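Structure first, then comments.
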Amino acid sequence: MDDLESVVNEFVDKAYEFYTMEDGHRWQEPFNSNPLTNFTSNLFFAATTLTSIGYGIDAPESLVGRVFCLVYLFFGIPLYLITIADMAKFCTELMNKGYTELIKYKYRVKRRYKRWKSGRIRRESMKVGQVIIAGGEDEVAEFLWTHLEHAQFVEVPFLLVIGILLLYIGLSSWIISWVEGWSMMDGFYFVMMSVLTIGFGDLVPRNEVFAVPVLFIILAGLVLTTTCVDVVGAYYIDRLHFFGRRLDDDPLSWLKEVQQRRIEAMKKEAMRKLFETVTALHHIRLTAFKQLTQNYDDHLRSRAPDPPRNLLASHATADSVMLRWSAPIYVDEGKRYWYTITYKPRTPQRRSNVVAVDFINKDRYLVTGLKSFTLYEFSVYVTTRYGQSVPIKVQEYTGETI
Numbered sequence: 001m002d003d004l005e006s007v008v009n010e011f012v013d014k015a016y017e018f019y020t021m022e023d024g025h026r027w028q029e030p031f032n033s034n035p036l037t038n039f040t041s042n043l044f045f046a047a048t049t050l051t052s053i054g055y056g057i058d059a060p061e062s063l064v065g066r067v068f069c070l071v072y073l074f075f076g077i078p079l080y081l082i083t084i085a086d087m088a089k090f091c092t093e094l095m096n097k098g099y100t101e102l103i104k105y106k107y108r109v110k111r112r113y114k115r116w117k118s119g120r121i122r123r124e125s126m127k128v129g130q131v132i133i134a135g136g137e138d139e140v141a142e143f144l145w146t147h148l149e150h151a152q153f154v155e156v157p158f159l160l161v162i163g164i165l166l167l168y169i170g171l172s173s174w175i176i177s178w179v180e181g182w183s184m185m186d187g188f189y190f191v192m193m194s195v196l197t198i199g200f201g202d203l204v205p206r207n208e209v210f211a212v213p214v215l216f217i218i219l220a221g222l223v224l225t226t227t228c229v230d231v232v233g234a235y236y237i238d239r240l241h242f243f244g245r246r247l248d249d250d251p252l253s254w255l256k257e258v259q260q261r262r263i264e265a266m267k268k269e270a271m272r273k274l275f276e277t278v279t280a281l282h283h284i285r286l287t288a289f290k291q292l293t294q295n296y297d298d299h300l301r302s303r304a305p306d307p308p309r310n311l312l313a314s315h316a317t318a319d320s321v322m323l324r325w326s327a328p329i330y331v332d333e334g335k336r337y338w339y340t341i342t343y344k345p346r347t348p349q350r351r352s353n354v355v356a357v358d359f360i361n362k363d364r365y366l367v368t369g370l371k372s373f374t375l376y377e378f379s380v381y382v383t384t385r386y387g388q389s390v391p392i393k394v395q396e397y398t399g400e401t402i
């Protein structure tokens, strides 16, 4: 019975060994050498463990090895995630920049073709290498906002990203299958299990010479996969975020509508400021006109008219005196004037009532209603609407009552 069991076990071992050797499957160590002295084996194990692929062909057996592996993964996995995220971000920017340059080149070729077709090639045109915006972030934002009408978002097409990923998978599958002697299907299966960090371990590299290149191919696939997930994921997350909204999931349309509203608000504000400016100018001009008129009036007032000349008192009676005078030497043309007469008795009393006679248009006037045998002082002025001249005076006695 024991012999039969041993024969069966030996048959099973041989059959499994034959299966693993013929089909390329290998559960044992990938490289037939001492792992403590083989740098390639140790590098492959450390890299596949850090990337969480874990083919399972090697594993620590001692307590010290397991503790070291845990500490290594505790500190290594966060650093690995940060590194691969940075490399994926760099690849994303490189992909966006390359696609943008391709679009710009396509636009330049199309524009040159249109000019050549229409026969309007301008040889004197000057190429602008770059636009420098002097200022900070606010000035840059204002420049971009001003030129928003001519802006468009450049997004790497989804099919291009998937095409790059499929190109990598096909090329790497062919290389690994050629290096390891596998079929194309086995190479594709190994690449997918490695890039997706599943790592069943049923297929592992056996060629020690090309182990490091295969490892770099796997790491490049991890970076490229992360890049594609970042590009496509961010794009479709935005699509889902704007899905069902009024602006048809287009942020640029939303920005342009916001800009249009801002322009309308700026127009209203400009009209309001224009109205305020016109009103202020009107008030300023009205005030200036009033001030000019006032200054002109003051100027006219400052120019007092000349006094009359040759004032004479004659034909004095008991209650009247005849006054005669000559017109002033100079009077402004078109300036209306008249004469004003004031008179009062010349008595020792300080409080003498002054009598005024205004709006006299002749050069003579008979003053009546006087007291007899009294000395009177007569004053004659040239009067305008802006003031009076210096008076000329004369004194005369009234006659005695008979």
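Following the UniProt record's numbering, the numbering of the sequence shown begins with 1 at its first residue and continues without gaps. Just so you know, even glycine gets a beta-carbon here, dropped at the ideal spot from N, CA and C. Here the structure is a predicted model, which means the values were calculated and not measured.
Query raised in the report: Which one of I82, L224, A265, I176 has the shortest CA to CA distance from V214?
Result: Residue I176 holds the alpha-carbon nearest to the alpha-carbon of V214 among I82, L224, A265, I176.
Query raised in the report: What are the start and end residues of the beta strand (DSSP E) that includes W116?
Result: Annotation: W116 is outside any beta strand (DSSP E); the continuous alpha helix (DSSP H) that includes it extends over 63-118.
Query raised in the report: Who are the Cβ neighbours of H283 in its own chain at under 8 Å, not counting the five residues just before and after it?
Result: For H283, same chain residues with a beta-carbon under 8 Å away, outside a window of 5 residues either side, do not exist.
Query raised in the report: Between T197 and I53, is the Cβ-Cβ spacing less than 8 Å?
Result: Yes. Within cutoff.
Report task. Taking all protein chains shown into account, decide if I217 is buried (16 or more other Cβ within 10 angstroms of its Cβ) or exposed. Result -> Here I217 is buried, its C-beta having at least 16 other C-beta atoms within 10 Å.
Requested in this report: Report yes or no: do the stretch 368-386 and the stretch 311-323 share at least 3 C-beta pairs separated by less than 8 Å?
Outcome: Contact holds: three or more Cβ-Cβ distances are below 8 Å.
Requested in this report: Mind the definition here: the stretch 381-391 touches the stretch 305-312 only if three or more C-beta pairs lie below 8 Å; say whether that holds.
Outcome: The stretch 381-391, when compared against the stretch 305-312, does touch it at the 8 Å Cβ threshold.
Report task. State the start and end residues of the unbroken alpha helix (DSSP H) segment that holds V195. Result -> V195 -> alpha helix (DSSP H) spans 184-195.
Requested in this report: Rounded to whole angstroms, what's the CA-CA distance from M87 to L222? Just pull it up for me.
Outcome: CA-to-CA, the gap between M87 and L222 works out to about 10 Å.
Report task. Pull up the DSSP beta-bridge partners for L375, would you. Result -> In the DSSP output, where bridge partners are listed per residue, L375 has Y397.
Requested in this report: Determine the closest residue to I341 out of R364, E269, S172, with distance taken between C-alpha atoms.
Outcome: Measuring from the Cα of I341, the nearest candidate turns out to be R364.
Requested in this report: Compare the Cα-Cα distances from K362 to each of Y330, W325, K393 and report the closest residue.
Outcome: Distances from the CA of K362 to each of Y330, W325, K393 were compared; the closest alpha carbon is that of W325.
Query raised in the report: Closest by CA to A85, which one among F210, R261, K335, L224?
Result: Restricting attention to F210, R261, K335, L224, the CA atom closest to the CA of A85 is found in L224.
Requested in this report: Measure the C-alpha to C-alpha separation of F210 and R115 and round it to an integer number of angstroms.
Outcome: Spanning the alpha carbons of F210 and R115 requires a straight line of approximately 54 Å.
Query raised in the report: How many angstroms separate the CA atom of N38 from the CA atom of Y99?
Result: Using only the alpha carbons, I get a separation of about 43 Å.
Requested in this report: Within its chain, find whatever has a CB closer than 8 Å to the CB of Y80; leave out the 5 residues flanking it on each side and keep chain order.
Outcome: For Y80, where only same-chain residues beyond five positions count, the Cβ hits under 8 Å are L50, T51.
**Report entry** Alpha-carbon to alpha-carbon, D58 and G201
**Finding:** Approximately 10 Å, taken between the alpha carbons.
Query - Buried/exposed call for D3, threshold 16 Cβ in 10 Å - result: Answer is exposed; the Cβ neighbour count stays below 16.
Query raised in the report: Using the beta-carbon count (16 or more within 10 Å), is G199 buried or exposed?
Result: By the Cβ-count criterion, G199 is buried, with 16 or more other Cβ atoms from all chains shown falling within 10 Å of its own Cβ.
Query raised in the report: Does the Cβ of M95 have 16 or more other Cβ atoms within 10 Å, making it buried, or fewer, making it exposed?
Result: With 16 or more other Cβ atoms from the protein chains shown falling within 10 Å of its own Cβ, M95 counts as buried.
Requested in this report: Indicate whether residue 404 and G399 have their beta-carbon atoms separated by less than 8 Å.
Outcome: Because residue 404 is not part of the residues shown, which for the chain are 1 to 402, the question remains open.
**Report entry** Between the CA atoms of C69 and P60 - distance to the nearest angstrom
**Finding:** One C-alpha to the other measures close to 8 Å.
Query raised in the report: In or out: F75 buried (at least 16 other Cβ within 10 Å) or exposed?
Result: Result: exposed.
Query raised in the report: How should K127 be labelled, buried or exposed, when 16 other C-beta atoms within 10 angstroms of its C-beta is the threshold for buried?
Result: A caution first: K127 carries a pLDDT of 49, below 50, which makes its placement in the model unreliable, though a value can still be read off. Answer is exposed; the Cβ neighbour count stays below 16.
Requested in this report: Below 8 Å on the Cβ atoms is my guess for V161 versus V231; work out the distance and round it to an integer in Å.
Outcome: 5 Å between Cβ atoms; contact.
Query raised in the report: So who's on the other strand from I53, going by DSSP bridges?
Result: None; I53 has no bridge partner.
Query raised in the report: Closest by CA to S183, which one among S194, L167, L165, L203?
Result: Taking only the C-alpha atoms, the option nearest S183 is L203.
Query raised in the report: Whose C-alpha, out of T40, G119, F158, is nearest the C-alpha of T227?
Result: Per the Cα distances, F158.
Query raised in the report: What's the call for D358, buried or exposed, on a 16-neighbour Cβ count within 10 Å?
Result: Counting the other CB atoms within 10 Å of its CB gives D358 a total below 16, which places it among the exposed residues.
Requested in this report: Have a look at Y168, P391, R385, L375 and flag the residue whose alpha-carbon is nearest the alpha-carbon of Y397.
Outcome: With distances taken between Cα atoms, Y397 lies closest to L375.
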